[in-house]
Every structure is written in C-alpha cells, then in structure tokens.
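In the working numbering, the protein residues as written are 13 to 167.
Below is the structure:
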C-alpha cells in the first residue's frame, strides 16, 4: 500500500529536467517512484501554462524548498480556510482521482496516473461514491427520458 511518504518523495524529488513542456509530459524517474518503475504523466493545459510562466530558475528540484515544515504550514492554511483537519497530500491525490471519476474517466486510466499496479488499489482508496453519483448511475437506466434536477423523469 502506498504511504504519504512515498507520494511526498515523488513530489519532492521532481527535477525541472523531468518536465518536458514541448511534449506536455512529466517523466517520473524510477529512482523516485515507489515501484521503481519510470512513469510518464501527461501535463494538462493549466499546469502547462503555470510551468511556462514560472518565474524562478528552471533547474534543480521543481519544489526545491518543500519540507515537512511546509507540509505542516499547508495543513494550517487549509484549517484557516475552513477545510477539514485531515487535509494532507493524500487528500489532494484522492480529490484528483475523485474528480476524474466524476468526469467519467475509466478506472484503468485513473489507476495508471498515480502508478497503481492494479485497479484494486484505486477502487479501495479513491472511489468513494456519493449518494448523488449512485443515483445518477441508476437514472441512466431509465428508458423514458433524462431526469430533471430532482431526479424525476421528464416526459
């Protein structure tokens, strides 16, 4: 099972040389991944734009100054913003996976992005279905038409 320290290790050790803006890819080196296998991750438009606009030097570690104290500071800022006490790097990872589920991305793709070797890990840790998500799935079976916002079939 993945641990927060494995995930933190990946993030803290990304080098600018791992980022290939032209190909819109991030290459996670085998030396920093939990599985010791190289992974290629796509970079979406918003991250691509942010990396292109980065004001600092494009050398060395991407997050050069991140440390345990930064992690604690992040948690404090999340609490100040009224977010849950349990916010961590894992929370962002789970939120990312949940957002993909809500956008109907297939499970195999979702599992591949964080480097899971099987979909079982993804299902176990990241697929907390909301009641609305389950209701929407059942409504898709209704042959008489699309549901309205209250879940009733429009005739």
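Cβ atoms here follow ideal geometry from the backbone N, Cα and C, with glycine treated the same way. As the structure is a prediction and not an experimental result, all values here were calculated from the model.
Host beta strand (DSSP E) of residue i (start-end)
i: residue 52; result: 51-54
Beta-bridge partners of residue i, as assigned by DSSP
i: residue 122; result: BP columns for residue 122 are empty, so no partner.
i: residue 4; result: This structure cannot speak to residue 4, because the chain is shown only from 13 to 167.
i: residue 27; result: 73
i: residue 32; result: 37
Own chain, CB closer than 7 Å to residue i, minus 5 neighbours either side, in chain order
i: residue 131; result: 119, 120 and 123
i: residue 51; result: 40, 45 and 127
i: residue 152; result: none
i: residue 22; result: 40, 44 and 45
i: residue 112; result: 122
i: residue 70; result: 28
i: residue 125; result: 53
i: residue 108; result: none
i: residue 62; result: none
Nonlocal neighbours in the same chain, by C-beta distance under 6 Å from residue i, ignoring five residues either side
i: residue 106; result: 138
i: residue 26; result: 74
Selected residue, minimal CA-CA separation from residue i, among the options
i: residue 64; options: 21, 37 and 109; result: 37
i: residue 110; options: 87, 26 and 134; result: 134
i: residue 147; options: 108, 114, 125 and 136; result: 114
i: residue 175; options: 129, 149, 24 and 66; result: No answer is possible for residue 175: it lies beyond the span of the chain, which begins at 13 and ends at 167.
i: residue 35; options: 24, 60 and 129; result: 60
First through last residue of the alpha helix (DSSP H) which encompasses residue i
i: residue 128; result: Per DSSP, residue 128 belongs to no alpha helix (DSSP H) and is neither H nor E.
i: residue 151; result: 143-151
i: residue 57; result: 57-64
Spatial neighbours of residue i in its chain, beta-carbon cut-off 8 Å, leaving aside the 5 residues before and after
i: residue 145; result: 113 and 114
- Query: Touch check for the region 58-74 and the region 23-41: three-plus C-beta pairs under 8 Å?
  - Reply: At 8 Å Cβ cutoff, the stretches touch.
- Task: For the region 83-93 and the region 38-46, state whether three or more C-beta atom pairs, one from each stretch, are separated by less than 8 Å.
- Result: Of all C-beta pairs linking the region 83-93 to the region 38-46, fewer than three are shorter than 8 Å, placing the two stretches out of contact.
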